[in-house]
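What follows is a single structure, written as structure tokens, with notes after it.
In the numbering used here, the protein residues as written are 152 to 374.
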């Protein structure tokens, strides 16, 4: 674990969802491969899809079909993928090892914790209930505000709901966009190196700290 800057003691910790609190890649990959199979295509290996799970439909379609937003046929693929995912949202998804213990400890210490994700509310709300995140003090989805991360608006909305100043919250995430959003919002940031992280090295994202495991966050708090 590295710690580049002094981190002020927070009053709340906000977390990204996919790849930070929850390992949702198995269900996201299954939804994508169902889309390929109905088109007569072989499944894309899970090892190729997993690193891009934090990037949502854009990242998954980019790997599985080599297409990006704006390409002909992209919108149809996106809608099909999202429908597949909604139909089997939490079959194999679960909290990462150590997350449940981390959240219980935060609660015992009197620290609020919340979720800020780019996943749309139609997926976020049932997923939070099904995988054991009901104790979140706030949940902000990708369509809660007019902008998604890396824009700071979702994080500022979470701080508003908690009645805290942004600099009283830490933001923890496994994608460069998470760190960019946190910094833009004026929040100390922690890169979740245990997550998906795309194909990038989180040590280079400019986060205030890096944690290799969820429970290492408690070491940061203890400092």
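Heads up, the beta-carbon is just placed ideally off N, CA and C, and yes, glycines get one too.
Checklist entry - How many Å lie between residue 337 and residue 190 at the Cα? => result 45 Å
Next on the checklist: Going by DSSP in three states, residue 340 sits in which element: helix, strand or coil?
Outcome noted: Looking at residue 340 - three-state DSSP - the assignment turns out to be strand.
Next on the checklist: Between residue 361 and residue 342, how many whole angstroms is the CB-CB distance? I'm expecting something under 8 Å.
Outcome noted: Indeed, because the Cβ distance is near 5 Å, the residues count as touching under 8 Å.
Next on the checklist: Residues in the same chain with beta-carbon distance under 8 Å from residue 210, minus the five sequence neighbours each way, listed in chain order, please.
Outcome noted: Excluding its 5 nearest sequence neighbours in each direction, residue 210 has C-beta neighbours in its own chain below 8 Å: 203, 204 and 349, listed in chain order.
Next on the checklist: Is it the case that the stretch 288-295 contacts the stretch 267-279, given that we only count it when at least three CB pairs across the two stretches are under 8 Å?
Outcome noted: yes
Checklist entry - Any idea if residue 207 is buried or exposed, counting beta-carbon neighbours within 10 angstroms, 16 or more meaning buried? => result Buried, because 16 or more other Cβ atoms sit within 10 Å of the Cβ of residue 207.
Checklist entry - In chain order, what residues of the same chain lie with their CB nearer than 7 Å to the CB of residue 358, ignoring the 5 residues before and after it? => result 330, 340, 341 and 342
Next on the checklist: If distances are taken between C-alpha atoms only, which option among 265, 368 and 181 comes closest to residue 285?
Outcome noted: Each of 265, 368 and 181 was checked against the Cα of residue 285, and the nearest Cα belongs to 265.
Item to check | Simplified DSSP assignment, three categories, for residue 246 | outcome: strand
Checklist entry - CA-CA distance, residue 248 and residue 174? => result 9 Å
Next on the checklist: Below 8 Å on the Cβ atoms is my contact criterion, and I expect residue 218 with residue 228 to pass it. Report the Cβ-Cβ distance as a whole number of Å.
Outcome noted: 7 Å
Checklist entry - For residue 332, which of 319, 306, 354 and 225 has the nearest alpha-carbon? => result 306
Item to check | Residues near residue 236 by beta carbon distance below 8 Å, same chain, minus five either side | outcome: 178, 179, 182 and 274
Next on the checklist: Here's the rule: buried if 16 or more other CB atoms are within 10 angstroms of the residue's CB, otherwise exposed. What is residue 224?
Outcome noted: exposed
Checklist entry - Name the DSSP bridge partner or partners of residue 320? => result 163
Next on the checklist: Is the separation between the beta-carbon of residue 163 and that of residue 304 shorter than 8 Å?
Outcome noted: no
Next on the checklist: Rounded to the nearest angstrom, what separates residue 368 and residue 230 at their Cα positions?
Outcome noted: 37 Å
Item to check | Span of the beta strand (DSSP E), counted from its first residue to its last, around residue 207 | outcome: Not the beta strand (DSSP E): residue 207 falls in the alpha helix (DSSP H), residues 207-216.
Checklist entry - From the DSSP output, which residues share a beta bridge with residue 264? => result 164
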